[in-house]
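Worksheet for the structure shown next.
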Amino acid sequence: MGSKLIIFGLSNIAECAYEYFTHDSEYDVVAFTVDKDFVPERAEHFNKPIVPFDKLLGLYPADQYDVFVAVGSQYLNRFRAEKVSAVKAMGYSLASYVSSRAFVWPNVVLGEHVFIQEDNTIQPFAKIGSNVTLWAGNHIGHASVIEDNCFVTSHVVISGHCRIGENSFVGVNASIADCVEIGRDNLIGMGAIISKNTPDNSLYSTKKTDIAKISARKFCKVEDV
Numbered sequence: 000m001g002s003k004l005i006i007f008g009l010s011n012i013a014e015c016a017y018e019y020f021t022h023d024s025e026y027d028v029v030a031f032t033v034d035k036d037f038v039p040e041r042a043e044h045f046n047k048p049i050v051p052f053d054k055l056l057g058l059y060p061a062d063q064y065d066v067f068v069a070v071g072s073q074y075l076n077r078f079r080a081e082k083v084s085a086v087k088a089m090g091y092s093l094a095s096y097v098s099s100r101a102f103v104w105p106n107v108v109l110g111e112h113v114f115i116q117e118d119n120t121i122q123p124f125a126k127i128g129s130n131v132t133l134w135a136g137n138h139i140g141h142a143s144v145i146e147d148n149c150f151v152t153s154h155v156v157i158s159g160h161c162r163i164g165e166n167s168f169v170g171v172n173a174s175i176a177d178c179v180e181i182g183r184d185n186l187i188g189m190g191a192i193i194s195k196n197t198p199d200n201s202l203y204s205t206k207k208t209d210i211a212k213i214s215a216r217k218f219c220k221v222e223d224v
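Per numbering that gives the first Met the number 0, the sequence shown runs over residues 0 to 224.
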């Protein structure tokens, strides 16, 4: 049996974290915790107790349990960062998850409290900061750096020698060219193509695909039945 783990959160991200830690790590998830105002009427989640965060330390001593903060990118990752700081101030060690199905080159440097899902490729000399989430299927190029408190969604390409500034969010299928530096507090939208350095506090979005004037069945010459 591995170390005992408490997960902060009850969202879909927390549910994913529970699955990954349970089935692909040495951790044993023993409880969930959330702020007291968000504790639901039900007493359990996945048959594990739900504990108010302000009662956590009294019930689960910090020297016997680790904590993982399963929170998304709200407020440009600041909510997750605040909870991580609170957990550390209580004396808990922070858990990390790196999928057994991720490819992480041996000299890659990983910070604390990372969440790296399956099919991520992280090439030589890359550095991943603390409190970083890499959802499934990304490419992190050689010698690139992802700074603290970032959230990279899925099928993102970060080419070689890039730098992603702290607190940034990178959306699904975004592509970042070689040697590009993304400023801190950037929101890179789904499908964006970034080929030049970006300033801090920048938002990049792409146009949504419009519906065509012709229907799918007519275009494909399907007879209505």
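Note that the Cβ used here is the ideal one computed from N, Cα and C, for glycine as well.
- For the pair E117 and A211, the Cα-to-Cα distance works out to about 35 Å.
- Fewer than three beta-carbon pairs drawn from the segment 69-80 and the segment 89-98 are found closer than 8 Å, and the two stretches are therefore not classed as touching.
- The beta carbon of K126 sits closer than 6 Å to those of V108, V144, all from its chain and outside the five residues before and after it, given in chain order.
- The three-state secondary structure of L55, taken from DSSP, is helix.
- Boundaries of the beta strand (DSSP E) harbouring A30: 27-33, taken from the DSSP string.
- Pairing V66 with A101 gives a Cβ-Cβ distance that is not under 8 Å.
- Look at the segment 132-182 and you find no whole run of alpha helix (DSSP H) that is 4 residues long or longer.
- In this structure, the straight-line span from the alpha carbon of S99 to that of E111 is close to 17 Å.
- S153 and V171 do touch by the CB rule: their CB atoms are close to 5 Å apart, below 8 Å.
- Nearest in C-alpha terms to K3, of all of F45, V28, N185, is V28.
- A straight-line Cα-Cα distance of about 26 Å links L133 and F37.
- If you draw a 10 Å sphere on the C-beta of A215, you find fewer than 16 other C-beta atoms in it, and that means exposed.
- Taken through DSSP and simplified to helix, strand or coil, S95 comes out as coil.
- In terms of Cβ geometry, G182 and T205 do not form a close pair [threshold 8 Å].
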